[in-house]
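Position in the sequence shown (first residue = 1) + 4 = my numbering. All residues carry an ideal CB built from backbone N, CA and C; glycine is no exception.
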Amino acid sequence: MKKLLIFIILILTSFVVNAMNIRSIEIQYEPISNLTYQVNVVCYVYEHGPIDQNLSLNWGDGTKSNLNLLSISPAGLPYLKKVIYHGQHTYSGPSTFLLSVSYKCRGPYIANIPLSVQKSLYTEALLVINPYVNSSHSLRFQSPTPFRICSGTLQELDMSVYDPEPHPNATYTYQLISCRDSGGVNITNYTMPSATSSFSLDQHTGIITWDTPIRGEYSFVVRAKKLISGVMVGYVDRDVTIIVNNCQSISPILDSPADTCIIAGNNLSFPVSASFVYNDTMLLTASGQLIDMGASFPQPIKGVNNISSNFSWDASCDEVSINSYSLNFRVDILNQDNSSSSLYNFNNGLLSPFTSNVPVMFNSPCGNGWDNSKHIWFGKDETAPRYLTSPVLDLSDGDYILEFDMRYEEHTGYGGSSCEGPDEPDEGVYVQYNTTDSENNWINIVYFNPNPKYEEEGGHEPNLIHWNNYTILLPADALTPNTRIRWYQDKSTNYDYDHWGLDNIGFTRVADISEVYKKINVSVIAPAPENLQATATPYGIELEWHREFCDNAIGYKIFRKNTHTSYVQGDCETGLPDSLGFVLIDSTLTIYDTTYTDYINEGNLAIGNEYCYRVYAYFSDGAVSKVSNEACAILSDVAPVITHVSVNTTDEVNGELLLKWSKPDDLDTIAHPGPYKYDVYFGENLSGNNYSFLSSTFSLDDTVLLHQNIDTKNKSYHYQIHLLNQINDTWQPINSSSAASSVFLVATPGDKKIHLKFNYQVPWTNDSFYVYRFNDVSLSYELLTKTINTEFIDTGLINGNNYCYKVLAYGHYSAPGFVTPLENWSQELCAIPIDIEPPCSPILHVTADCNSLSNILTWQNVITYCDANDFSHYQVFYSPTIHDDFTLLVNTTDTSYIHTLASTVAGCYYIVAVDTNNNASLPSMKVCSDINSCDLYSLPNVFTPDGDGYNDLFQPFPYDFVEKIHLLVYNRWGNLVFETQDPDINWDGTNMNSGRPVPDGVYYYLCEVYEWRLEGLTSRLLNGSITIIRH
């Protein structure tokens, strides 16, 4: 790579007022006590610039104070250092407070902020002090914003935050907002950064997608908001300035792990490495919440070809969280030409190799430079024009930043005072470049206007009267082998008037290789409760386990399933997946409750099943631990167990149900010697406690009973069996069975189909269902299908015909020793399919034809799209705006329609499909057409009113649907020079006030355009710049 022998600054850290070149700024707050808060203002500052000793903060309660410098450290990114200011404040009581910082000034060459050097930086944060809302810590941005990114490719910027104080009901959203001036005042004509395709922010992730950004320097603000149960409880802003420069299509390789987890009480450690095939120096860094929490990652790591560092962190129970922790790794390229190879700070009192047309001073009579060293000072004993010119520079090998310090003297109004500064709009300094040998080809880059508001003599721009450190991405046209830079003051009042100074001039080659960035998430997981055991007792199943490792857990959640499950939990999984079928049965309130009894008499357990349990710990924010081992137990067979409730006969009067059960094999015959009997009870419906006595049997082996002369056609039944022991002449209860119902079939007719549902409530598991349909030819029921679901839709039927069904359920108990499979019939049920279903909703597409003032509607044919064979016609509805009601436009059997309008293509449509039974579908999605696809009103950015007949007038590009406009054109000092309401404009470059041609240069416009849109006649504000050139 070429070596550029130029003169660049050597800067020692110094402390001044209003001199920092801030690239991003944000506010952080956290409580010290109930009403006392400490605040950090975090600034990422250009690495060669000075640092202030204090920074002023508005506390949001009517008070301000200076925060003290807390620290200066490497930012972990090229070109930047991290500066933190710190302070404390006590509020008088709970309320909402808007903390803010205004700082002079912004960079002079920001593409999306007109006259940016006249604007201040501004950032704010919302603090809500509310004793009922647990949200007293501000959100923290995960990583710094880079100084530069590459143009021409898709770029992603991570603006995500982490929450030092997570809340289980918290959500986080992100928003792009406009940059603002001092005190939060909106900046006129501010626009979002330029991109070939798009510049957007994901409101849920905080990721900015910048699709092929355009070369330049841009500023924007990201706001991160925290909401608890939908109520905002605070936000933080980050004001960012970023350079976009041209890059090569190469990049280093970054090797870091994917998302991972760590069990609390263990160490997480892994290497991170970067490699690059070229010999440029790499910079490896890490940022994110874990770094802020003290994780070890020696950085920054610099080197060529291959570099690495090792991440290490000890995770404790305090870090167990429902949210993961972020960790961001990146590798940047520090080009060999990127460092300062030589310097010129004028400390030797020599001007060479720079040149000036007038004598210069090397010490200001008005004060020292910000680094207390010699500097160039203009204004003593000479009058304008005054300029300083650099030597010829070879800037052809890439993008360059011009950096310099400059200061205007504060205006006193007294010539000869040695301290009289510029105060008229034309007494400022231009920064210019020239790529030729001619002195007539200087091109302006930026102008530092000392009095942009045209105040009376003595007024001045306050942003310019301090030593400020500036950086400018040089225009692409200035990057030649034969470039000179000039600081040029065209006018001054006289000798010893309008003083200004320069210092620390340099040129920095910007890296032209894309950085590589990787973000990983680390979850901290609590270990599982250990050694879960389950023991069956006469009363139920008793559980016990060892106490959770993490003392900050709240308690345990206990789960049950009536069969064993083979499940191996993944390394980073917690809790229990729903797919396993475990049911939450209870929770404990402390981690010291390590026993639990699942009682039989609460109706939770049924003899005949094996019950298996798992336990995990839960935490206040919703986090849960890994799950325990599975522990299973089988209840003793000491009660009757129902196995069959099967419909034998379906009839409203003479219906019959078969009831079977198994006898208790583990009955204690010593304690209960007999004789025995079973009392059988039944109730209508699938469940309930309203039982009626049915019958008794008087032998342990007498376990079959027919329930006859009942309505099995319209009613379902459930049963319970009591086992009793006779003592003397009294029957004493021993145990009861769990209740079990019949399978009850329900049918819902539809168009050419019948929807069947199988309802039941039994203590065993039904695994599958065999669906039978009556055959009118064979006069018997025939198997139609088998399903594991509890419903089935029989399709392809004939509307109006009668179809009859019954279902055979196959089931089992999970404990051994019981008959299997358990076969139980439902009742027989008949139904008639009928068309009560509307067609499906059509899918509508609308295309605007701007030339013919019509909208072309097309949609899919529901006959083929969703088998709507009884289709009749479509109804098309229309509304001219989003506020008007819809009206029927047309009935049609076609699948397209052309709607011709009078004055716009704006309008909304939906369609409805109707069948032969007059069943109407749900409306299609509403589809609207607006004028965006037509020639929207837009303005050029240059015209040449020089009378050559070409481009002599400022006119819009071809346009449609504009009712009127209101155009205002201003010069760079904010004076109105032209105004019109004619959409064709036809401005010839004449000042409407003087009638004379305006000077060549850049002008700014505001244009309110009134167009017929979906909202009706609406206005749209255009803003931008016009360059006037006369050849």
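So, at 7 Å on beta carbons, what are the nonlocal neighbours of residue i in its own chain, with the 5 sequence-adjacent residues on each side left out?
i	result
Ala835	Ala751, Pro753, Ile758 and Tyr807
Leu102	Gly64, Glu128 and Leu130
Pro304	Pro78, Gly80, Leu287, Leu288 and Thr289
Phe875	Pro843, Val866, Ile867, Ala917 and Asp919
Gln712	Glu660
Asn694	Gly687
Ser255	Ile517, Ser518 and Val520
Ile191	Ile117, Lys123, Ser182, Cys183, Arg184 and Asp185
Ser273	Asn314, Phe315 and Ser316
Have a look at residue i and residue j and give me their C-alpha separation to the nearest angstrom.
i	j	result
Asn895	His877	7 Å
Pro395	Pro363	17 Å
Tyr615	Thr601	13 Å
Gln724	Ala744	7 Å
Glu983	Val1002	14 Å
Leu848	Met929	7 Å
Tyr95	Ser104	15 Å
Ser1023	Leu943	16 Å
Pro275	Asp259	9 Å
Pro357	His470	26 Å
Pro485	Gly402	11 Å
Ser344	Leu397	Only weak support is given to the placement of Ser344: the predicted model assigns it a pLDDT of 41, under 50, and the question is left unresolved by the model.
Gly579	Ile133	35 Å
Gly269	Arg551	15 Å
Asn455	Asp296	44 Å
Asn193	Pro962	24 Å
Ser925	Tyr914	12 Å
Pro98	Pro135	7 Å
Pro884	Asn62	49 Å
Met24	Asn936	43 Å
Lys681	Ser700	7 Å
His887	Glu1019	7 Å
Cys932	Asp898	20 Å
Leu710	Asp780	30 Å
Tyr391	Lys123	25 Å
Gly1028	His52	33 Å
Leu980	Ser37	54 Å
For residue i, I'd like the list of residues in its chain whose CB is within less than 6 Å of its CB, leaving aside the five on either flank, ordered along the chain.
i	result
Leu1025	Glu1012
Pro949	Asp956, Asp992 and Gly993
Ser360	Leu392
Would residue i be called buried (16 or more neighbouring beta carbons within 10 Å of its own) or exposed?
i	result
Lys85	buried
Tyr620	buried
Asp241	buried
Glu465	buried
Gly483	The sequence shown places Leu at residue 483, not Gly. By the 10 Å Cβ count, Leu483 comes out buried.
Pro644	buried
Phe623	buried
Val708	exposed
Lys68	exposed
Val880	buried
His648	buried
Gly585	exposed
Glu786	exposed
Asn1054	Examination of residue 1054 is not possible in this model, given that the chain is present from 5 through 1035 alone.
Pro679	exposed
Gln985	exposed
Could you pull out every residue in the same chain whose Cβ sits closer than 8 Å to the Cβ of residue i, ignoring the five residues on either side in sequence?
i	result
Ile29	Val45, Val46, Cys47, Tyr48, Val105, Tyr107, Leu125, Thr127, Arg242 and Asp243
Ile674	none
Val587	Phe563, Arg564 and Lys565
Assuming the contact rule is C-beta atoms closer than 8 Å, residue i and residue j should be a hit. Round their C-beta distance to whole Å, please.
i	j	result
Ile646	Trp665	5 Å
- Tell me, please, whether the segment 901-918 touches the segment 851-865 by the rule of three or more beta-carbon pairs shorter than 8 Å. Because the criterion of three Cβ pairs below 8 Å is met, the segment 901-918 and the segment 851-865 touch.
- Task: Report yes or no: do three or more beta-carbon pairs, one from the segment 711-722 and one from the segment 653-661, lie closer than 8 Å?
- Result: The segment 711-722, when compared against the segment 653-661, does touch it at the 8 Å Cβ threshold.
- Count the C-beta pairs between the segment 222-234 and the segment 172-185 that are closer than 8 Å, then say yes if the count reaches three, no if not. yes
- Message: Is it the case that the segment 370-387 contacts the segment 537-546, given that we only count it when at least three CB pairs across the two stretches are under 8 Å?
- Response: Three or more Cβ pairs closer than 8 Å define a contact, and the segment 537-546 falls short of that threshold against the segment 370-387.
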